[in-house]
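J.: Counting from 2, one number per residue, gives the positions in the sequence shown under this note's numbering.
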Amino acid sequence: MHPQMTCVSCGGSPVKAFEATDDYLRRDGVVFTYSRCPVCGTYALVNRPENLGDYYADDAYYDGTGDASQDHLRRGLLSTFAPWAGGGRMLDIGPGNGALLREARNHGFTDQSAVERDARSCELMRGDGVSVVETADPVAGLDGVEPADAVVMAHVIEHVEEPMELLTAAASKVKPGGVLVVATPNPESLSFKVCRSRWRHVDAPRHLFLLPHAVVADRARRAGLENVRTTTTDPSGLECNRGAWWPWALNVMPTKRSGHNLDRVVRRSAGILERRGLRGSTYTAVFRRPPA
Ligand SMILES: [Zn+2]
Numbered sequence: 002m003h004p005q006m007t008c009v010s011c012g013g014s015p016v017k018a019f020e021a022t023d024d025y026l027r028r029d030g031v032v033f034t035y036s037r038c039p040v041c042g043t044y045a046l047v048n049r050p051e052n053l054g055d056y057y058a059d060d061a062y063y064d065g066t067g068d069a070s071q072d073h074l075r076r077g078l079l080s081t082f083a084p085w086a087g088g089g090r091m092l093d094i095g096p097g098n099g100a101l102l103r104e105a106r107n108h109g110f111t112d113q114s115a116v117e118r119d120a121r122s123c124e125l126m127r128g129d130g131v132s133v134v135e136t137a138d139p140v141a142g143l144d145g146v147e148p149a150d151a152v153v154m155a156h157v158i159e160h161v162e163e164p165m166e167l168l169t170a171a172a173s174k175v176k177p178g179g180v181l182v183v184a185t186p187n188p189e190s191l192s193f194k195v196c197r198s199r200w201r202h203v204d205a206p207r208h209l210f211l212l213p214h215a216v217v218a219d220r221a222r223r224a225g226l227e228n229v230r231t232t233t234t235d236p237s238g239l240e241c242n243r244g245a246w247w248p249w250a251l252n253v254m255p256t257k258r259s260g261h262n263l264d265r266v267v268r269r270s271a272g273i274l275e276r277r278g279l280r281g282s283t284y285t286a287v288f289r290r291p292p293a
């Protein structure tokens, strides 16, 4: 047990928010408690299991050469920041098998590096010419990495034990004129407000933190970066919206069939609201270091 006595984002005093179980992979019924910081709105898993690795699938960090059906999501993510960075060197933190890096070559990012924990993924990327640091500690792993024009953390920050330290370390690797890209679940989303513990993107206990956009933006600003773009409606964000509601819908309805029907109706009616402001279930934020 590692109770979070103080908020990792601001030092505030968190209060209990909700309980959730792993209903997707391990399904062992263990109850996980999440807290919320009343000052900054960060959610944190309170009772982090000692065997957290057991809650990941064996191939959680590796899916071979990448699923081609996800190509449009990778192109969508690249289009959120490629125009700002203009190509050059890209550093992907927690890239899995490196599918985003491979797609990034088509956007001018031909000099590539990665910090990744999975040995098979690292091997695959080395074969692709990516300069790889293989480590389970991304903060330490970033130490000797060269600064890049684009530093990307896509659905990584919510999984790590020290998200603020990782943000600061990642920001320090952004060249003047370059960008830091952070994609992560949005605790201020419409779907989370409704679904709470049954929100798909709580994903207990794998998601250790749910970080409000303002928290991430403030940390990036203190590292010298400016927030040039934030969206919840990039293709990946829309995909996350589609998957956000179903655990909640199945839980409130008496049968699986009626649950799936409710999920479909809610997704259709909420879709319009989710596209306004930053109400989508995942945000992608782009932070730029001013040119020298
Ligand atoms: Zn806080």
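For each residue, glycine too, the CB sits at the ideal point set by N, CA and C.
Output the residues surrounding ligand 1, defined as those with a CB atom closer than 6 Å to any ligand heavy atom, in chain order.
T.: C8, S10, C11, G13, C38, V40, C41, T43
J.: Shortest alpha-carbon distance to D264 belongs to which of V195, D29, G77?
T.: For the purposes of this step, residue 264 is taken as the residue at position 263 of the sequence shown. Per the Cα distances, V195.
J.: Using the three-state DSSP reduction, which class does P236 fall into: helix, strand or coil?
T.: Here residue 236 refers to the residue found at position 235 of the sequence shown. It is helical.
J.: Please report the distance separating the alpha-carbon of A205 from that of Y35.
T.: Start at 1 with the first residue of the sequence shown, and residue 205 comes out as number 204. Start at 1 with the first residue of the sequence shown, and residue 35 comes out as number 34. Distance between the alpha carbons of A205 and Y35: 9 Å.
J.: Leaving out the 5 sequence neighbours to the left and right, which residues in its chain are closer than 6 Å to M2 when beta-carbon positions are compared?
T.: Residue numbering aside, residue 2 sits at position 1 when the sequence shown is read from its first letter. Residue placement at M2 cannot be trusted, given a pLDDT of 41 that sits under 50; what the coordinates show is reported in the next sentence. The answer, listed in chain order, is N48.
J.: Closest to Y44 by CA distance: which of R27, G278, A141, R197 is it?
T.: Counting from one through the sequence shown, the residue named residue 44 turns up at place 43. Nearest of R27, G278, A141, R197 to Y44, Cα basis: R197.
J.: For V217, is the classification buried or exposed, using 16 other Cβ atoms within 10 angstroms of its Cβ as the cut-off for buried?
T.: Within the sequence shown, residue 217 is the residue found at index 216, counting from 1. Under this definition V217 is a buried residue.
J.: Check this for me: beta carbons of A151 and G179, under 8 Å apart or not?
T.: Sequence index remark: in the sequence shown, residue 151 carries index 150 (1-based). Sequence index remark: in the sequence shown, residue 179 carries index 178 (1-based). Yes; because the gap between Cβ atoms is below 8 Å, this pair is in contact.
J.: Less than 8 Å between the beta carbons of W247 and R289, yes or no?
T.: In the sequence shown, residue 247 corresponds to position 246, counting from 1. In the sequence shown, residue 289 corresponds to position 288, counting from 1. Contact: no.
J.: So, is R121 buried or exposed, given that buried needs 16 or more other C-beta atoms within 10 angstroms?
T.: For this step, residue 121 is matched to residue 120 along the sequence shown. The residue is exposed, with fewer than 16 neighbouring Cβ atoms inside 10 Å.
J.: Within the continuous alpha helix (DSSP H) that includes P248, where are the two ends?
T.: Your numbering for residue 248 matches position 247 in the sequence shown. Annotation for P248: the continuous alpha helix (DSSP H) segment containing it runs 247 to 253.
J.: My output table needs one value for L263: the three-state DSSP class, helix, strand or coil.
T.: Position 262 of the sequence shown, counting from 1, holds the residue named residue 263. In the structure shown, L263 sits in a helix (DSSP, three-state: H, G or I).
J.: Per DSSP, Q113 forms a beta bridge with which residues?
T.: Within the sequence shown, the letter at position 112 stands for residue 113. The partner list for Q113 (beta bridge, DSSP) reads M91.
J.: Return no unless some Cβ of chain C is closer than 8 Å to the Cβ of G77.
T.: The structure shown has no chain C; it contains just one protein chain.
J.: With 16 as the cutoff for other CB atoms within 10 Å, does Y56 come out buried or exposed?
T.: Against the sequence shown, residue 56 aligns to sequence position 55. Label assigned to Y56: buried.
J.: Cα separation between A245 and S270?
T.: As a position in the sequence shown, residue 245 is number 244, starting the count at 1. As a position in the sequence shown, residue 270 is number 269, starting the count at 1. For A245 and S270, the distance between alpha carbons rounds to 14 Å.
J.: On a CA-only basis, which of K176, P177, V183 is nearest L167? Give me that one, please.
T.: Along the sequence shown, read from residue 1 onward, the residue named residue 167 stands at position 166. Comparing Cα positions, the closest option is V183.
J.: Taking the C-alpha atoms as reference points, what is the distance between N252 and F33?
T.: Position 251 of the sequence shown, counted from the start, is the residue given in the question as residue 252. Position 32 of the sequence shown, counted from the start, is the residue given in the question as residue 33. Distance between the alpha carbons of N252 and F33: 18 Å.
J.: Could you check the C-alpha separation between C11 and P50 for me, to the nearest Å?
T.: Walking along the sequence shown from the start, residue 11 turns up at place 10. Walking along the sequence shown from the start, residue 50 turns up at place 49. Cα to Cα, C11 sits roughly 24 Å from P50.
J.: Please check the pair D93 and A115, which I expect to be a contact at CB under 8 Å, by giving their CB distance rounded to whole angstroms.
T.: Your numbering for residue 93 matches position 92 in the sequence shown. Your numbering for residue 115 matches position 114 in the sequence shown. Contact holds; Cβ gap of about 5 Å.
J.: Buried or exposed: where does L274 fall if 16 or more other Cβ atoms within 10 Å of its Cβ makes it buried?
T.: In the sequence shown, the residue the question calls residue 274 occupies position 273. Its Cβ having fewer than 16 others within 10 Å, L274 is exposed.
J.: Just list the beta strand (DSSP E) runs in the stretch 147 to 215, keeping only unbroken ones of 3 residues or longer that don't cross its boundaries, in chain order.
T.: 149 to 155, 175 to 186
J.: For V203 and G281, what's the separation of their Cα atoms in angstroms?
T.: Residue numbering aside, residue 203 sits at position 202 when the sequence shown is read from its first letter. Residue numbering aside, residue 281 sits at position 280 when the sequence shown is read from its first letter. Inter-residue distance for V203 and G281 is about 14 Å (C-alpha atoms, whole angstroms).
J.: Counting Cβ pairs closer than 8 Å, one from the stretch 123 to 140 and one from the stretch 75 to 83, do we hit at least three?
T.: no
J.: Excluding sequence positions up to five away, which residues of its chain have a Cβ less than 6 Å from the Cβ of V161?
T.: To locate residue 161, count along the sequence shown from 1; it is residue 160. Cβ within range, chain order: L167.
J.: Excluding sequence positions up to five away, which residues of its chain have a Cβ less than 6 Å from the Cβ of F193?
T.: Within the sequence shown, numbered from 1, the residue matching residue 193 stands at position 192. Closer than 6 Å at the Cβ level, and outside the excluded window around F193, lie W200.
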